[in-house]
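Numbering (the numbering used here), first residue to last: 13 to 122.
Printed below as a string of C-alpha cells:
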C-alpha cells in the first residue's frame, strides 16, 4: 500500500511540474457562441456544430495546458469554417481572429 501511495504522489508531482502547475482552464465552449456572433456566423448551425465537435475532441489532447480557451475556440471556428468552405469576414480591416487577440501562428500551432 505505502509503495503504491508513494508512487501515486510522485506521479502527481511529476504531472504538476510538466503542466507548469496550471490545473484549471477556461473552457472554449463558453467563447464559441459569442465569437460566432461577432463574426456574423451564429446562423451557420452546421459550422458551429463542427466547431463544437472540434472543441469536444480537443479535450482528448494536451492543448488546454498550453493554449487559452479563447484561442482554442477561435481555432475550432477557423477549422470548421475551412472544412465547410465558408470564408469568415474581416472586421474593421483586420483579420477576424485578431479581434480575439489570437495570431494565425497560434491557430496553426493548435
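Every residue, glycine too, gets a C-beta built ideally from N, C-alpha and C. Since the model is a prediction, treat every value here as computed from it, not as a measurement.
Problem set entry | Range covered by the alpha helix (DSSP H) that runs through residue 87 | 81-96
Exercise. What are the boundary residues of the alpha helix (DSSP H) that includes residue 49?
Worked result: 41-50
For this session: Using alpha carbons as the reference points, say which of 71, 46, 72, 118 lies closest to residue 60.
Result: 46
Problem set entry | Spatial distance of residue 66 from residue 91 (CA atoms) | 8 Å
Exercise. What three-state label does DSSP hand residue 27 in the structure shown?
Worked result: helix
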